[in-house]
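**Student:** Take this structure first; my questions come after.
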Amino acid sequence: MDRVSDVVVIGGGAIGGSVAWALARRGVSVTVVEAGRIGRGASWASAGVLAPDWNVHDQPALAELASASLALWPDWVAELEDWTGVGLNFRRDGLLNLWVDPEASHLPRDLATEPPPRSPGQQWLGAAEVRALEPGLTGPILGGVLSPDDAQVDNPRLAPALARALSLLGGRILAGTPVVALTGSRGRCTGVRTAAGTEIAAGAVVLAAGAWSGPLAAASGIDLPVVPWRGQMLAFDTVVRPVRHIVFCGELVLVPRPHGPLVVGTTLEDVGFDARVTLAGLHEVLARAVRIAPGLGDLPLARTWAGLRPGSPDHLPYLGPVPGWEGLYAATGHGRKGILLAPLTGDLVARLVLEDAVDSRMEPCLVGRGDGPPPLRGGAGA
6 MDRVSDVVVI
16 GGGAIGGSVA
26 WALARRGVSV
36 TVVEAGRIGR
46 GASWASAGVL
56 APDWNVHDQP
66 ALAELASASL
76 ALWPDWVAEL
86 EDWTGVGLNF
96 RRDGLLNLWV
106 DPEASHLPRD
116 LATEPPPRSP
126 GQQWLGAAEV
136 RALEPGLTGP
146 ILGGVLSPDD
156 AQVDNPRLAP
166 ALARALSLLG
176 GRILAGTPVV
186 ALTGSRGRCT
196 GVRTAAGTEI
206 AAGAVVLAAG
216 AWSGPLAAAS
226 GIDLPVVPWR
236 GQMLAFDTVV
246 RPVRHIVFCG
256 ELVLVPRPHG
266 PLVVGTTLED
276 VGFDARVTLA
286 GLHEVLARAV
296 RIAPGLGDLP
306 LARTWAGLRP
316 GSPDHLPYLG
326 PVPGWEGLYA
336 ATGHGRKGIL
346 LAPLTGDLVA
356 RLVLEDAVDS
366 RMEPCLVGRG
376 DGPPPLRGGA
386 GA
């Protein structure tokens, strides 16, 4: 073995970076091994939306994790900014989830008699109230739900900030270093081997390689059904914010950046590891956007991009020890919730590695659970 660390984290995105920072703050020597550039995967391609009550796919366990992680975000991001000097622009702009389909089962038939929404502070709005709140939404809107505590963050800066925080604590970051195999013997993971043939020994290994976690696990005979979901995004160049709140509408999300463009997305496509932007994908996103906000059609297009979200069959992440591999832990499969779940995932996995304690909230997310066939369902998200 050429190098030694207490813990090797495979993956330098928001999840891997959060786990690494949480471990390093507890005095652990950590090496992050990243196949490409730090934070240029799903963390970079996300919309940066922090919304725990939406896009949880009828999974109470995911909603619980998301709510708990959002509660951590204000202090967590403030400490990260203080530590690194990197501004991440965490903002509680609030989120407006629109109702445009009269057959939508999750929204009310009668606003006057409907019970309160799922979380305190949320409120149902009629069409007139939506337009009073967001005059630019002139499409066929029937109503919506306002979640005033939902937030956004400048997600492209997040993983690099976490990497900087780790470096300041003495951690090592090996970017441009693909891991090709896990190493070990007699049921114990003892490190990783890179494409260059370098072996890095470790007391524990955390698999946080996003959409590439599944193939890497499979190469070692581990069944970890993480699959890539392509999400295509675009940004409009505008100095005037067309909307003040984050807006969800089915699979559409509009995110008004405080000092930048309007970010719009997203698709949810099962196309393997193809991260290319397509005309069909952009047309899908644009058609949804101009349906609810026709004025967007007159704005200049600033840029387009796509990324691969790490999905799981049941839309829950994989968190916890890998059966049959002592010293190997999973922190992957977060789908569109990776940015939101980063603070909590880092804390839970760090405590698991150091204390061998499985938090009860992780139990539905354990590796090897019976998670059924892999549906690919829509719903707006980060």
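For our numbering, add 5 to where a residue sits in the sequence shown, where the first one is 1.
Cβ atoms here follow ideal geometry from the backbone N, Cα and C, with glycine treated the same way.
Residues in its own chain within less than 8 angstroms of V290 by CB, not counting five upstream and five downstream?
**Tutor:** Excluding sequence neighbours, V290 sits near Q237, M238, L239, L257, V269, G270, T271 and T272.
**Student:** Can you check the segment 227-283 for any beta strand (DSSP E) of at least 3 residues that lies completely inside it and give the ranges in chain order?
**Tutor:** 232-241, 251-254, 257-261 and 267-270
**Student:** Can you tell me where the alpha helix (DSSP H) holding L77 begins and where it ends?
**Tutor:** P65 to T89
**Student:** Assign S51 to buried or exposed, taking buried as 16 or more other Cβ atoms, counted over all protein chains shown, within 10 Å of its Cβ.
**Tutor:** buried
**Student:** Please name the residue in P299, T337, E331 and L267 whose C-alpha comes closest to that of A307.
**Tutor:** Selected option, being the one with the closest Cα: L267.
**Student:** Could you tell me the distance, in whole angstroms, from the CA atom of G386 to the CA atom of P322?
**Tutor:** Any reading at G386 needs caution, since the residue's pLDDT is 46, under 50, leaving its predicted position unreliable; the model's value is listed next. Distance between the alpha carbons of G386 and P322: 15 angstroms.
**Student:** Beta carbon of P140, beta carbon of F241: below 9 angstroms?
**Tutor:** Cβ distance not < 9 angstroms, so P140 and F241 don't count as in contact.
**Student:** Closer than 6 angstroms by C-beta to R169: which residues in its own chain qualify, once you throw out the five before and the five after it? Chain order, please.
**Tutor:** T89
**Student:** Less than 7 angstroms between C-beta atoms, sequence neighbours within five positions excluded: which residues of the same chain meet that for S72?
**Tutor:** P57
**Student:** Any chance the CB of R177 is under 8 angstroms from a heavy atom of the ligand GDP?
**Tutor:** Here there are no bound small molecules, and the ligand GDP is not part of this structure.
**Student:** Can you say whether E418 is buried or exposed, counting buried as having 16 or more other CB atoms within 10 angstroms of its CB?
**Tutor:** There is no way to answer for residue 418, as the model of the chain reaches only from 6 to 387.
**Student:** Is it a yes or a no for the segment 78-93 touching the segment 123-134, going by three-plus beta-carbon pairs under 8 angstroms?
**Tutor:** no
**Student:** Evaluate the contact criterion for the segment 23-33 versus the segment 215-235: three or more CB pairs, one atom per stretch, below 8 angstroms.
**Tutor:** no
**Student:** What residues are listed by DSSP as bridge partners for L142?
**Tutor:** Paired residue(s): none; L142 is not in a bridge.
**Student:** Express the C-alpha separation of G300 and L287 in angstroms, rounding to a whole number.
**Tutor:** 17 angstroms
**Student:** Tell whether a beta-carbon distance below 9 angstroms holds between A186 and R177.
**Tutor:** no
**Student:** Could you compute how far the alpha carbon of T118 sits from the alpha carbon of S152?
**Tutor:** Only weak support is given to the placement of T118: the predicted model assigns it a pLDDT of 49, under 50, and the value that follows is read from those uncertain coordinates. Spanning the two alpha carbons is a distance of roughly 19 angstroms.
**Student:** Assuming P161 contacts G18 under a Cβ cut-off of 8 angstroms, what Cβ separation, rounded to an integer in Å, is found between them?
**Tutor:** The pair is not a contact, with the Cβ atoms about 11 angstroms apart (cut-off 8 angstroms).
**Student:** Quick one: is E39 buried, meaning 16 or more other Cβ sit within 10 Å of its Cβ, or exposed?
**Tutor:** buried
**Student:** What does the alpha-carbon distance come out to for the pair R114 and A83?
**Tutor:** At R114, the pLDDT of 48 sits below 50, so the modelled position is not reliable; the number obtained from the coordinates is stated separately. Cα to Cα, the separation comes out at about 41 angstroms.
**Student:** Determine, using beta carbons only, whether G336 and V211 come nearer to each other than 9 angstroms.
**Tutor:** Note that residue 336 is Ala in the sequence shown, not Gly. Yes, these two residues count as a Cβ contact at 9 angstroms.
**Student:** Consult DSSP for E368 and reduce its assignment to one of helix, strand or coil.
**Tutor:** helix
**Student:** Report the residue from W310, A201 and C254 whose alpha carbon sits nearest the alpha carbon of L100.
**Tutor:** Ranking the options by Cα distance to L100, first place goes to C254.
**Student:** Would you check if the distance between the CB atom of G148 and the CB atom of W129 is smaller than 9 angstroms?
**Tutor:** Their beta carbons are under 9 angstroms apart, which means G148 touches W129 by this criterion.
**Student:** Which word fits D87, buried or exposed, when buried means at least 16 other C-beta atoms lie within 10 angstroms of its C-beta?
**Tutor:** exposed
**Student:** Whose CA, out of L75, A156 and A166, lies closest to the CA of M85?
**Tutor:** Strictly speaking, residue 85 in this sequence is Leu, with Met absent from that position. Of L75, A156 and A166, the residue nearest in Cα terms is A166.
**Student:** Within this structure, are the beta carbons of V358 and A206 separated by less than 9 angstroms?
**Tutor:** no
**Student:** Who are P315's beta bridge partners in DSSP?
**Tutor:** P233
**Student:** DSSP puts W104 in a beta bridge; with which residues?
**Tutor:** Under DSSP, the beta-bridge partners assigned to W104 are G148.
**Student:** For G277, which residues in the same chain have their Cβ closer than 8 angstroms to its Cβ, ignoring the five residues on either side in sequence?
**Tutor:** P233
**Student:** Alpha carbon to alpha carbon, how far is V105 from I146?
**Tutor:** 5 angstroms
**Student:** Counting only the same chain and skipping the five closest in sequence on each side, list residues whose C-beta sits under 8 angstroms from that of A132.
**Tutor:** I146, L147 and G148
**Student:** With a threshold of 6 angstroms on Cβ separation, who are the neighbours of R356 within its own chain once the five nearest residues in sequence on each side are excluded?
**Tutor:** A362
**Student:** What span of residues does the beta strand (DSSP E) with V1 cover, start to end?
**Tutor:** As shown, the chain starts at 6 and ends at 387. That puts residue 1 outside it, with no answer to give.
**Student:** Among the candidates G53, G46 and A137, whose CA atom is the shortest distance from the CA of P263?
**Tutor:** G53
**Student:** From the DSSP output, in three-state form, read off I43 for me.
**Tutor:** In the structure shown, I43 sits in coil (DSSP, three-state: anything other than H, G, I, E or B).
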